[in-house]
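Each protein sequence line maps, in turn, to chains A and B.
With this note's numbering applied, the first sequence covers 1 to 355.
With this note's numbering applied, the second sequence covers 1 to 392.
The block underneath contains the structure these notes are about, expressed in structure tokens.
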Amino acid sequence: MAYAPKPLLPGDAFEAALRFGLALEQDLAHRQDPPDRAACLARHWRDLLELGWAGTLLPEAAGGAGGAIADLVALADGAGRSAMPLPVAAACGVVPMLLRAVPDAAMQAAVATGRMRPCPVLEPGAVTARMEGEGWLLEGSLLGLELVPEPTHYLLACPIAAAEPGLFLLPADAPGLAVTRHLRIDGRLSADLALHSPARLLARGAAVREAVAAARDLGAFLTCVEAVSAMGALIEQTIAYLSARVQFGTALASFQALRHRVAEMHVAAENTRGLVAQLLRAAGTAPALPWREVSFAKLRLGEAGRFVAEAAIQMHGGMGVTEALPASRLARRIMLAEFEYGDRNWHAARLLEAA
Amino acid sequence: MDDAADLESFRRTLREFALSHCPPEIRAVVAANRKLGRKEWSAWQRILHARGWGAPSWPKAHGGTGWDLRHRHAFDEVMAECDCPPQYHHGLRHIGPVLIEFGTPEQQAHFLPGILNGEDWWCQGYSEPGAGSDLASLKTRAERDGEEYVVTGQKLWTSHAHESDWMYTLVRTSSAGKRQEGITMLLIPLRSPGITVRPVPTIDGWHHVNEVFLDGVRVPAANRIGEEGKGWTYGKFLLDRERLGGANVAPAFRFLDRARALVAAELQGPQNRLKREMLAMRLLQIEAELRGARELGLAAIDDVMNGRPLGIAPSVLKLSTSEAMQRTSQVALDAVGHRLATRFRPVDASGPNAEVGEIEWLQNYLYLRAKTIFGGSSEVQKNVIARQLFGT
Numbered sequence: 001m002a003y004a005p006k007p008l009l010p011g012d013a014f015e016a017a018l019r020f021g022l023a024l025e026q027d028l029a030h031r032q033d034p035p036d037r038a039a040c041l042a043r044h045w046r047d048l049l050e051l052g053w054a055g056t057l058l059p060e061a062a063g064g065a066g067g068a069i070a071d072l073v074a075l076a077d078g079a080g081r082s083a084m085p086l087p088v089a090a091a092c093g094v095v096p097m098l099l100r101a102v103p104d105a106a107m108q109a110a111v112a113t114g115r116m117r118p119c120p121v122l123e124p125g126a127v128t129a130r131m132e133g134e135g136w137l138l139e140g141s142l143l144g145l146e147l148v149p150e151p152t153h154y155l156l157a158c159p160i161a162a163a164e165p166g167l168f169l170l171p172a173d174a175p176g177l178a179v180t181r182h183l184r185i186d187g188r189l190s191a192d193l194a195l196h197s198p199a200r201l202l203a204r205g206a207a208v209r210e211a212v213a214a215a216r217d218l219g220a221f222l223t224c225v226e227a228v229s230a231m232g233a234l235i236e237q238t239i240a241y242l243s244a245r246v247q248f249g250t251a252l253a254s255f256q257a258l259r260h261r262v263a264e265m266h267v268a269a270e271n272t273r274g275l276v277a278q279l280l281r282a283a284g285t286a287p288a289l290p291w292r293e294v295s296f297a298k299l300r301l302g303e304a305g306r307f308v309a310e311a312a313i314q315m316h317g318g319m320g321v322t323e324a325l326p327a328s329r330l331a332r333r334i335m336l337a338e339f340e341y342g343d344r345n346w347h348a349a350r351l352l353e354a355a
Numbered sequence: 001m002d003d004a005a006d007l008e009s010f011r012r013t014l015r016e017f018a019l020s021h022c023p024p025e026i027r028a029v030v031a032a033n034r035k036l037g038r039k040e041w042s043a044w045q046r047i048l049h050a051r052g053w054g055a056p057s058w059p060k061a062h063g064g065t066g067w068d069l070r071h072r073h074a075f076d077e078v079m080a081e082c083d084c085p086p087q088y089h090h091g092l093r094h095i096g097p098v099l100i101e102f103g104t105p106e107q108q109a110h111f112l113p114g115i116l117n118g119e120d121w122w123c124q125g126y127s128e129p130g131a132g133s134d135l136a137s138l139k140t141r142a143e144r145d146g147e148e149y150v151v152t153g154q155k156l157w158t159s160h161a162h163e164s165d166w167m168y169t170l171v172r173t174s175s176a177g178k179r180q181e182g183i184t185m186l187l188i189p190l191r192s193p194g195i196t197v198r199p200v201p202t203i204d205g206w207h208h209v210n211e212v213f214l215d216g217v218r219v220p221a222a223n224r225i226g227e228e229g230k231g232w233t234y235g236k237f238l239l240d241r242e243r244l245g246g247a248n249v250a251p252a253f254r255f256l257d258r259a260r261a262l263v264a265a266e267l268q269g270p271q272n273r274l275k276r277e278m279l280a281m282r283l284l285q286i287e288a289e290l291r292g293a294r295e296l297g298l299a300a301i302d303d304v305m306n307g308r309p310l311g312i313a314p315s316v317l318k319l320s321t322s323e324a325m326q327r328t329s330q331v332a333l334d335a336v337g338h339r340l341a342t343r344f345r346p347v348d349a350s351g352p353n354a355e356v357g358e359i360e361w362l363q364n365y366l367y368l369r370a371k372t373i374f375g376g377s378s379e380v381q382k383n384v385i386a387r388q389l390f391g392t
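Next up, the structure:
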């Protein structure tokens, strides 16, 4: 029996997310035009919000599901199998973590139902905040922000003094805000922001610092979950391709050089999966994710993920460099995962500085 | 008490004993990554035996501890964390379990006590010049002559033969049928007439391996394990029991700690900052991989304890940990290699620098090349993994 990747947490949530991702993949398959693709992503995103994904981690009192991190992991794992190009980690994980700094039940309820769709910003880029009159003004620009489709707001962390972080709420239709959208290499939406806009300061100080750190660690963890899931799918598809493709009168799967490379991909993926499994256990017992383990996982993902992605492209030969091949989309998703919530060097630096 | 608390208090007991009873001079050998020999191992085995922990993997009826896999794993881990030597494996983990499973009561009574108390030393006579990864092609012949076998042939890569009393040996008793079917396992005293042990010098400068020549060596038939022609089965049983050895990554973590300390000590000061940080970064990458491997090892133990098949997890683990240890030794080499690789073998026996300190780092680097060769080479492990993944 040939290889099939195992879910981290088998069950209904995983299966539902898997089906959701495959349906989106089909819908996107015949759309080449970027605006058309963006509109398609927005439609599916609305469906996903209808299903209540954004409220997974939010308390039941606020209309959320009151779920645990494991519930979100099952969704991210299912979505990862098809490299689903929607911001599950950002909207369903990072936003609720940031809202911990904001004691506002009405806002949580609006997020849980999808009426409010904040796009989180953990790194303010070249944006600065200053007081103007009674209120705050955000100025500057920000490149390549992962964009939540049809955001109503930006939930933006930005220093308000030398060592004091602030958390701002910026309406998507704020005056002085210009948004330029792109598609990333993994097919998700991103945005460049240029702003000179008034914004509301929701929270400041230690509460924001803690919320941002927890949000980044959860984002990094969920990114690892998605990427490990995508690696499993990628290995499965690579094996299927090598088994079907005949050259020199024999299946490519019979060549030892290729078989060994697949074995190396599996070892790399399993190893990363081990780090993710360890974090999943910690998420079930500790109040916060252990940051060291998060950093080691992301560091490992940086190396192992790129190795698996590049090997898969290589072994698909010419097909591997085609835009439409599902395996190449999985590969590009894994490549991009490196740059979400701190790349491997950022995490290595964090570990070295603490040593 | 729940499982986790029980295991934690078990670990505390182990740690206290290890730190108070393992002689400092033995722990110093481990801490300096120097080569362990029979002297250190047997002294430590005597101490463990006196405590009742001589054989963590054996059933109580044969003098073992009767511990389950999780407790055995904790034992191995804590001992490594305390710089105690890993127990010498040829007796305890290899031939011991084979004797317990397939040996006659007489064989068990004769051989097991010496393994337990560390008085008898064993080595493994498997590989030959023409039989490495392809072990079934072994040619050393054993011919029946009355109540004895007469054994003639050559074994190679025989670790510890120069300090052993006994060699459990795979020999060919028949050339008919499948290659695996003509193999028999014999227990051969190394003091027998007709045996010559010659060291094989290796690149690390340590003496591990030997060639063992057998020229008409007479071995009592009573020293045969089980049936004639079934040796492959017993050999395979032995290897299967060892498949989870890779789950213990504690020694690899200790090795990493030592390499980290070496880098910090060797590359002090602002003038060394860049090199120090580059090496520190590589150690971090290795640590990430080892952490992943440790988790996979725990999962594999859990699988075995719950009766689930192990599959290819041991191969995955062996690849990760063996290469991680090699990479660790590379970092150490990059820290100190320039002053060690240039001064490997002394020509002048005296002089201000006749003693080269820390030469073990170089020896370990060279020694660890073998880690991806023995116990199933990396290439063989990848064949195993690929066969499972491709289903063919």
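Every residue, glycine too, gets a C-beta built ideally from N, C-alpha and C.
Model, not experiment: these values are computed from the prediction.
> Would DSSP call Leu7/B helix, strand or coil?
Replying inline: helix
> Taking the runs of the beta strand (DSSP E) that are 3 residues or longer, which of them lie wholly in the region 180–207 of chain B?
Replying inline: 183–189, 195–199
> Can you list the residues of chain A that Leu296/B reaches, using a CB-CB cut of under 9 angstroms?
Replying inline: Glu270, Asn271, Arg273, Gly274, Ala277
> Residues of chain A with a CB under 8 angstroms from the CB of Lys382/B: which are they?
Replying inline: Arg259, His260, Ala263, Glu264
> Who are Gly229/B's beta bridge partners in DSSP?
Replying inline: The partner list for Gly229/B (beta bridge, DSSP) is empty, contrary to what the question assumes.
>> Can you confirm whether Ala2/A, when its beta carbon is compared against all beta carbons of chain B, has any partner nearer than 8 angstroms?
In response: yes
> Beta-carbon of Glu139/A versus every beta-carbon of chain B: anything under 8 angstroms?
Replying inline: no
>> Short of 6 angstroms in beta carbon distance, which residues of its chain neighbour Ser383/A, apart from the five on each side in sequence? Order them along the chain.
In response: The structure shown does not extend to residue 383/A, since chain A spans only 1 to 355, so no value can be given for it.
>> At the 8 angstroms Cβ level, is Ile373/B part of the contact set with chain A, yes or no?
In response: no
> Should Thr56/A be labelled buried (16 or more other beta-carbon atoms within 10 Å of its own) or exposed?
Replying inline: buried
>> I need the DSSP call for Pro290/A, collapsed to helix, strand or coil.
In response: coil
>> For chain A, check one thing: does any of its Cβ atoms lie closer than 8 angstroms to the Cβ of Ile286/B?
In response: no
>> Given this structure, state the Cα-to-Cα distance separating Leu190/B from Ile313/A, to the nearest angstrom.
In response: 55 angstroms
>> Here's the rule I'm using: 16 or more other beta-carbon atoms within 10 Å means buried, otherwise exposed. How should Pro346/B be labelled?
In response: exposed
>> If you measure between the beta carbons of Asn210/B and Ile188/B, is that distance less than 8 angstroms?
In response: no
> Ile373/B: which of Phe390/B, Lys318/B, Leu333/B, Arg343/B sits nearest, CA to CA?
Replying inline: Lys318/B
>> Given a cut-off of 8 angstroms on the beta-carbon distance, is the pair Leu284/B and Leu352/A in contact?
In response: yes
>> Which residues in chain A have a C-beta closer than 7 angstroms to the C-beta of Gly292/B? List them in chain order.
In response: Asn271, Thr272, Gly274, Leu275, Arg300
>> For chain B, check one thing: does any of its Cβ atoms lie closer than 8 angstroms to the Cβ of Ala253/A?
In response: yes
>> By alpha-carbon positions, which one of Gly96/B, Met305/B, Pro113/B ends up nearest to His49/B?
In response: Pro113/B
> Hey, Leu167/A and His153/A: beta-carbon distance below 8 angstroms or not?
Replying inline: no
> How is Arg141/B classed by DSSP in three states: helix, strand or coil?
Replying inline: strand
> What residue from Ala105/A, Val88/A, Ala157/A has the CA that sits closest to Leu122/A's CA?
Replying inline: Ala157/A
> Quick one: does Ser243/A have its CB under 8 angstroms from some CB of chain B?
Replying inline: yes
> What are the boundary residues of the beta strand (DSSP E) that includes Met167/B?
Replying inline: 166–172
> Can you give the Cα-Cα distance for Val380/B and Ala268/A, rounded to whole angstroms?
Replying inline: 17 angstroms
> What's the C-alpha gap between Ala5/B and His94/B?
Replying inline: 31 angstroms
> Any C-beta of chain B sitting closer than 8 angstroms to the C-beta of Glu303/A?
Replying inline: yes
> Is any beta-carbon of chain B found at less than 8 angstroms from that of Ala206/A?
Replying inline: no
> Of all the residues that make up the region 218–247 of chain A, which are near chain B by a beta-carbon distance shorter than 7 angstroms?
Replying inline: Ile239, Ser243
> For the region 253–283 of chain B, which residues have a beta carbon sitting closer than 9 angstroms to at least one beta carbon of chain A?
Replying inline: Arg260, Glu277, Ala280, Met281
>> Tell me which residue opens and which closes the beta strand (DSSP E) that Leu156/A is part of.
In response: 153–161
> If Pro85/B and Leu36/B are in contact, beta carbons under 8 angstroms, what's the gap, nearest whole angstrom?
Replying inline: 5 angstroms
> What residue range is occupied by the uninterrupted beta strand (DSSP E) comprising Gln381/B?
Replying inline: No beta strand (DSSP E) contains Gln381/B, which is instead part of the alpha helix (DSSP H) from 378–390.
>> Tell me the residue span of the alpha helix (DSSP H) that contains Pro34/A.
In response: 34–50
> Beta-carbon separation of Gly93/A and Gly219/A under 8 angstroms?
Replying inline: yes
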